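Protein chains in written order, with the working numbering: chain V, 28 to 222; chain Y, 28 to 222. Every residue, glycine too, gets a C-beta built ideally from N, C-alpha and C. All values derive from a computational prediction rather than experimental measurement.
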């Protein structure tokens with residue numbers, strides 16, 4: 028008979044397979060997720076390899092309702108960003124963000140959760156930890172630290188210059204490359220140590 | 028005889044008292060740290076209630092060496108930011124950042140670590156978790172999500188307009204107030220539940 032953990036792992040493995048099949052998994056996070064799927068004691072319940080995004084949001088005085096207006100999981104050309112930025116948005120504000128990778132990894136025992144914390148530490152990942160800690164059910168968040176976050180449009184008026192936006196895109200690309208390096212290091216160590 | 032945990036707790040309590048005495052503890056984090064100090068099973072090993080800051084940094088191609096060029100633990104007037112921004116910096120870049128609260132809280136048992144995770148969850152804090160998980164030694168990171176992060180000067184040339192910087196300062200102040208609300212909620216729940 029299957030344990031509860033095995034059933035949960037199977038459920039998340041299927042969800043991941045579907046995301047890959049439907050092209051909804053970002054390609055940079057797929058190797059790590061695949062690797063973790065193949066282990067006996069770990070699974071990923073959510074994964075993002077990091078992104079550069081344009082986010083439109085309603086006035087901050089009302090309930091916050093954010094939505095993506097552009098999203099890239101790897102370095103992006105300024106032309107692509109500029110084209111999107113010049114497309115009118117519906118909501119009051121448009122933000123430029125760069126966010127680090129974030130993974131939620133489940134496991135079955137505290138010992139395995141500890142092993143994962145040790146791998147994070149060895150990879151130089153400073154953010155995250157065990158978020159859910161119940162008998163047979165442990166969930167670990169693993170996230171990078173590279174980020175950018177700034178408003179760029181208000182009521183469809185650009186708040187910054189084209190030159191500045193180009194510099195910010197360059198900076199975001201640089202941070203994405205650093206983010207990828209860290210992720211690859213984590214992936215390598217997971218391969219060696221999670222078995 | 029004192030346990031190892033009691034000695035560690037005493038050590039961090041003394042460090043905290045010294046920081047308060049020397050005016051090095053930020054005033055908004057002090058009530059929570061004081062409250063945690065008074066519990067039997069918890070201590071804070073580091074604390075920041077959140078901040079708005081100007082950070083100067085060397086070229087990103089060399090080893091990153093950041094240093095504060097301005098720091099405020101509560102909403103700040105634009106005049107104060109503007110005055111600081113117009114002071115020449117030594118390093119290549121100047122960044123405007125707003126960072127959320129971050130606390131590292133130690134405890135003695137896994138059960139107590141779980142209690143703290145439950146308090147975080149109830150307070151609506153989505154980031155953090157158990158980072159160190161050894162027999163008798165548990166360390167939990169508790170951090171907010173509000174943030175801003177953007178470059179504003181390069182080689183002492185301002186990259187954005189005065190109006191934009193004023194808007195960003197306003198936004199940072201708004202995020203600091205949201206951050207404080209969340210922190211106060213966490214503080215209240217810690218008071219009720221950590222005993």
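Cα-Cα separation between residue 173 (chain Y) and residue 171 (chain V), rounded to whole angstroms: Whole-angstrom Cα-Cα distance: 16 angstroms.
Just tell me which of V:189, V:215, V:124 and V:185 has its CA closest to the CA of residue 115 (chain V). It is V:185 whose Cα lies nearest to the Cα of residue 115 (chain V).
Nonlocal neighbours in the same chain, by C-beta distance under 6 angstroms from residue 54 (chain Y), ignoring five residues either side: Excluding sequence neighbours, residue 54 (chain Y) sits near nothing in its chain.
Given residue 34 (chain V), which residues of its chain have a CB within under 7 angstroms of its CB, disregarding the five upstream and five downstream residues? For residue 34 (chain V), there are no CB contacts under 7 angstroms within the same chain when 5 residues up- and downstream are skipped.
Starting from residue 38 (chain Y), trace the beta strand (DSSP E) in both directions and tell me its first and last residue. No beta strand (DSSP E) holds residue 38 (chain Y); the alpha helix (DSSP H) holding it covers 31-48.
Please confirm whether residue 111 (chain V) has its beta-carbon closer than 8 angstroms to some beta-carbon of chain Y. For residue 111 (chain V), the answer is no, since every Cβ of chain Y falls outside 8 angstroms of its Cβ.
Check whether the Cβ of residue 182 (chain V) lies closer than 8 angstroms to any Cβ atom in chain Y. Judged by the 8 angstroms Cβ criterion, residue 182 (chain V) is not in contact with chain Y.
Look up residue 131 (chain Y) in the DSSP assignment and give the residues it is bridged to. Answer is Y:73 and Y:168, bridged to residue 131 (chain Y).
How about residue 198 (chain V): is its C-beta nearer than 8 angstroms to some C-beta of chain Y? True, the Cβ-Cβ gap to chain Y drops below 8 angstroms.
Residues that residue 50 (chain V) contacts on chain Y, provided the C-beta gap is smaller than 9 angstroms: Listed along the chain, the chain Y residues whose CB falls inside 9 angstroms of the CB of residue 50 (chain V) amount to none; the nearest CB is some 28 angstroms away.
Segments assigned beta strand (DSSP E), at least 3 residues, entirely inside the segment 138-204 of chain Y: Listed in chain order, the complete beta strand (DSSP E) runs (minimum 3 residues) inside the segment 138-204 of chain Y are 154-161, 164-170 and 175-181.
Would you say residue 97 (chain V) lies against chain Y (beta-carbon separation less than 8 angstroms)? Cβ-Cβ to chain Y under 8 angstroms: no for residue 97 (chain V).
State the DSSP-derived secondary structure class of residue 124 (chain Y), mapped to helix, strand or coil. In this structure, residue 124 (chain Y) counts as strand in the three-state DSSP scheme.
Can you give the beta carbon distance from residue 197 (chain Y) to residue 58 (chain Y), rounded, assuming they're within the 8 angstroms contact cut? Between residue 58 (chain Y) and residue 197 (chain Y) the Cβ distance is about 27 angstroms, and since that is not below 8 angstroms, they are no contact.
Report yes if the C-beta distance between residue 165 (chain V) and residue 157 (chain V) is below 8 angstroms; otherwise report no. Result yes, Cβ atoms of residue 165 (chain V) and residue 157 (chain V) sit closer than 8 angstroms.
Which residues of chain Y have a Cβ atom closer than 7 angstroms to the Cβ of residue 121 (chain V), listed in chain order? Within chain Y, no residue has its CB atom less than 7 angstroms from the CB of residue 121 (chain V), the nearest being about 13 angstroms off.
Any Cβ of chain V within less than 8 angstroms of the Cβ of residue 141 (chain Y)? Yes, its Cβ sits closer than 8 angstroms to a Cβ of chain V.
For residue 156 (chain V), go through chain Y and note every residue whose CB falls closer than 8 angstroms to its CB, in chain order. Taking a Cβ-Cβ cut-off of 8 angstroms, the neighbours of residue 156 (chain V) in chain Y comprise 155, 156, 157, 158, 167 and 168, given in sequence order.
Give the straight-line distance between the Cα atoms of residue 41 (chain Y) and residue 193 (chain Y), rounded to the nearest whole angstrom. Between the C-alpha atoms of residue 41 (chain Y) and residue 193 (chain Y) there is a straight-line separation of about 40 angstroms.
Beta-carbon proximity list for residue 134 (chain Y), same chain, < 6 angstroms, skipping 5 on both sides: Within the same chain, 68, 69, 140 and 165 come within 6 angstroms of residue 134 (chain Y) by CB-CB distance, once the 5 residues on both sides are set aside.
Using a Cβ-Cβ cut-off of 7 angstroms (strictly less than) and excluding sequence neighbours within five positions of residue 76 (chain V), which residues of its own chain qualify? Once the five neighbours on either side are set aside, the close Cβ partners of residue 76 (chain V) are 53, 55, 56, 100, 128 and 210.
Within 7 angstroms: the Cβ of residue 136 (chain V) and any heavy atom of the ligand ATP? Among the components of this structure there are no ligands whatsoever, and the ligand ATP is therefore not found.
Cβ distance (whole Å) where residue 95 (chain V) is taken to contact residue 111 (chain V) below 8 angstroms: Actually they do not touch by this definition, with Cβ atoms about 11 angstroms apart.
Closest Cα partner of residue 179 (chain V) within the set V:65, V:120, V:136 and V:108: Nearest of V:65, V:120, V:136 and V:108 to residue 179 (chain V), Cα basis: V:120.
For the candidate residues V:32, V:28 and V:72, whose alpha-carbon lies nearest to that of residue 45 (chain V)? Its Cα nearest to that of residue 45 (chain V), the residue V:72 stands out among V:32, V:28 and V:72.
CA-CA distance, residue 154 (chain Y) and residue 169 (chain Y)? Roughly 6 angstroms between the two C-alpha positions.
Considering only C-alpha positions, which residue in the set V:136, V:43 and V:143 is nearest to residue 61 (chain V)? Comparing Cα-Cα distances from residue 61 (chain V) to each of V:136, V:43 and V:143, the minimum goes to V:43.
Cα-Cα, which of V:161, V:217, V:188 and V:106 is closest to residue 130 (chain V)? Closest in C-alpha terms to residue 130 (chain V), from the list V:161, V:217, V:188 and V:106, comes V:217.
Can you pull the DSSP bridge partners for residue 104 (chain V)? According to DSSP, residue 104 (chain V) bridges with nothing at all.
Express the C-alpha separation of residue 142 (chain Y) and residue 148 (chain Y) in angstroms, rounding to a whole number. Going by C-alpha positions, residue 148 (chain Y) is about 10 angstroms away from residue 142 (chain Y).
Which residue marks the beginning of the beta strand (DSSP E) containing residue 81 (chain Y), and which one marks its end? Bounds of the beta strand (DSSP E) holding residue 81 (chain Y) are 78-84.
Rounding to the nearest angstrom, what Cα-Cα distance links residue 202 (chain V) and residue 98 (chain V) in this structure? Rounded to the nearest angstrom, the two C-alpha atoms are 15 angstroms apart.
Can you tell which of Y:78, Y:107, Y:105 and Y:118 has its C-alpha closest to the C-alpha of residue 93 (chain Y)? Relative to the Cα of residue 93 (chain Y), the nearest Cα in the group Y:78, Y:107, Y:105 and Y:118 belongs to Y:118.
Can residue 145 (chain Y) and residue 212 (chain Y) be called in contact, C-beta distance under 8 angstroms? Cβ atoms of residue 145 (chain Y) and residue 212 (chain Y): not closer than 8 angstroms.
Three-state secondary structure assigned by DSSP to residue 98 (chain V): Correct three-state label for residue 98 (chain V): strand.
Residue 62 (chain V) lies in the alpha helix (DSSP H); which residues open and close that run? Per DSSP, the unbroken alpha helix (DSSP H) holding residue 62 (chain V) starts and ends at 57-65.
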